[in-house]
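2 protein chains.
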Amino acid sequence: MKLSQTEENYLKAIYNLAYANANNVSTTMISEAIKTKASSVTDMIKKLADKDLVHYKKYQGVSLTKIGQKIAVEIVRKHRLWEVFLLNKLNYNWDEVHELAEQLEHIKSDTLTDKLEAFLEFPTHDPHGDPIPDKEGNIEHHKDTMLSSVETEKSCVVIGIKDSSDPFLKFLDKLQIQLGSTLKVISKEPFDNSMLVKTESASISISNQISKNIFVKKL
Amino acid sequence: MKLSQTEENYLKAIYNLAYANANNVSTTMISEAIKTKASSVTDMIKKLADKDLVHYKKYQGVSLTKIGQKIAVEIVRKHRLWEVFLLNKLNYNWDEVHELAEQLEHIKSDTLTDKLEAFLEFPTHDPHGDPIPDKEGNIEHHKDTMLSSVETEKSCVVIGIKDSSDPFLKFLDKLQIQLGSTLKVISKEPFDNSMLVKTESASISISNQISKNIFVKKL
DNA sequence: TAAAATATTTAGACAAGCCTAAAAATATAA
DNA sequence: TTATATTTTTAGGCTTGTCTAAATATTTTA
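In the order they appear, the protein sequences are chains A and B. If you're matching positions, the first sequence starts at -15 in my numbering and goes up one per residue. If you're matching positions, the second sequence starts at -15 in my numbering and goes up one per residue.
Here's what the structure looks like:
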């Protein structure tokens, strides 16, 4: 099945929204995610339904079919692999890779994704810590241990972030906290739940608002 | 100036045709290069002329303006850098990279091309031996020493090919002749101008038809 | 549960790029 | 140099994906 870039973007948006919401995805939610008008979304949804990529009943929202989901996961896979490439090989920063990956994910090829994956030595997570689906579309849903829940004196490795907004990414860059950074919790402040954390290069104080948004693997 | 992928393809086609022909490029030539009807080309040419990307007078063919040429060279630069990436990093073959590069060349970013170039360690030629324009758009027009003109007992390095058709590329792959291969001319057969050539791995007989299509740098 | 607010869909229009068929210009040949 | 052939352009139409405005459902609230 040959899909346009636009169609692929719709599937991806529905996939992400469904993942975040569990139930059917509304026209309005899609229109916000994709920055178009709701009426345009309705049009496109009908076309996707004709192609059996989404389930759709008027006024009831949409969900992906098996095929639709498969395609969406493929796009997510490509997106995350390209992000790893941009970060690890081309020296982009955490906060710069997303926009470029949005374009690269639509490159069509039977072999490119797998070759890219091999070149990157089969990464399991993208720079935001989201898991990369394998060739068959299996995706490990990552466990949500947050930095905020790490005990005093314990160490952990940063495997991702929950909020991937630009300001947050820039803030982490300033703190020199990256994917793979090892952090040790020195002390916790019961008053405001902030914590003192030792990174590779410094000791820093991190507010609860921040530590709640950093996924870690405990060591 | 933000151009569509289609517009970029027109500029690139005109650039390549102009390079091969010197004079103005005809509607029909473009339509063949780009696989559309001549009438569609006329439409698009008018739009490109409105944007000052081409010079156009009815029935007189087109040529690129300074701006049009600058953009075309940028696309060529991106195309060739991606080809190097696909060949050197992802282990694609000589004959597979073109089609993919056709897609990758349209990725939009202010920084990607330069970062890619640095990652590839500033290659000067693409896998077909065509020169890669630098950041400023300067492009070295490559000298045309063909394998056929190399003297007996002399060695040379393959820097490109003249004919980049699929069958020819496949044929060279079979002979294990690649960009950068060192070849030594053992003997030449005056009767049919074929030559006996030593590659890294074997001695092979090469017809004049082949040796006339391989660019080399004499050693 | 009826009225008001919100969400969704329909209808009609538009731009980009392509097409076919026909008209106009240019090039070729007798 | 006039007739014929070829190339190029024009005219009108189609598809994709978008939009606005209006109509219709659904949800919320009183």
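C-beta atoms are modelled at their ideal positions from N, C-alpha and C, and glycine is treated no differently. Since we're looking at a predicted model, the values are computed, not measured.
For a contact defined as C-beta to C-beta under 7 Å, what are the partners of residue i on chain B?
i: A/Q87; result: I91 and K92
i: A/L96; result: L84
Under the rule that 16 or more other beta-carbon atoms within 10 Å means buried, what is residue i, buried or exposed?
i: A/G144; result: buried
i: B/P111; result: buried
i: B/S(-12); result: exposed
i: B/L203; result: exposed
i: A/S24; result: exposed
i: B/T(-10); result: exposed
i: B/A22; result: exposed
i: A/F175; result: exposed
i: A/T136; result: exposed
i: A/H125; result: exposed
i: A/E101; result: buried
i: B/Y3; result: exposed
i: A/T11; result: buried
i: A/M(-15); result: exposed
Since residue i and residue j should fall inside the 8 Å C-beta cutoff, what is the C-beta to C-beta distance between them, to a whole number of angstroms?
i: A/S187; j: A/I170; result: 7 Å
i: B/L1; j: B/A17; result: 6 Å
i: B/I190; j: B/S178; result: 6 Å
i: B/I29; j: B/V57; result: About 19 Å separates the two Cβ atoms, so there is no contact after all.
i: A/M130; j: A/I198; result: 6 Å
i: B/E89; j: B/I59; result: 5 Å
i: A/K196; j: A/S132; result: 5 Å
i: B/N8; j: B/Q44; result: 6 Å
i: B/L48; j: A/F103; result: Contact doesn't hold; Cβ gap of about 36 Å is too wide.
i: B/L70; j: B/L84; result: 6 Å
i: A/L200; j: A/V134; result: Sequence inspection shows Val at residue 200 of chain A; the Leu mentioned does not correspond to that position. Yes, A/V200 and A/V134 are in contact; Cβ-Cβ is about 6 Å, under 8 Å.
i: A/D147; j: A/K119; result: Their Cβ separation, rounded to whole angstroms, is 30 Å, which puts A/D147 and A/K119 out of contact at 8 Å.
Just the chain A side, please: which residues come within less than 7 Å of residue i by C-beta, in chain order?
i: B/K73; result: F103
i: B/L100; result: L74
For the alpha helix (DSSP H) that residue i lies in, which residues bound it at each end?
i: B/K62; result: K50 to N72
i: B/L159; result: Segment: none, B/L159 is in no alpha helix (DSSP H) and carries neither H nor E.
i: B/S195; result: N192 to S195
i: A/K31; result: A22 to D34
i: B/F103; result: L96 to F103
i: B/L84; result: V81 to L88
i: A/S15; result: T11 to I18
Please report the residue range of the beta strand (DSSP E) in which residue i lies.
i: A/T166; result: T166 to E173
i: B/S139; result: S139 to I145
i: B/V200; result: I198 to K202
i: A/V134; result: From DSSP, A/V134 is part of no beta strand (DSSP E); its letter is neither H nor E.
i: B/K182; result: S178 to K182
i: B/Y40; result: V38 to Y40
Touch check for the stretch -6 to 5 of chain B and the stretch 90 to 97 of chain B: three-plus C-beta pairs under 8 Å?
no
Cβ contact (3+ pairs, closer than 8 Å) linking the stretch 145 to 164 of chain A and the stretch 61 to 80 of chain A
yes
Count the C-beta pairs between the stretch 162 to 176 of chain B and the stretch 127 to 147 of chain B that are closer than 8 Å, then say yes if the count reaches three, no if not.
yes
Determine contact between the stretch 106 to 122 of chain B and the stretch 100 to 110 of chain A, defined as no fewer than three beta-carbon pairs at a distance below 8 Å.
no
Touch test, the stretch 112 to 119 of chain B against the stretch 59 to 68 of chain B, Cβ-Cβ under 8 Å, three pairs minimum:
yes
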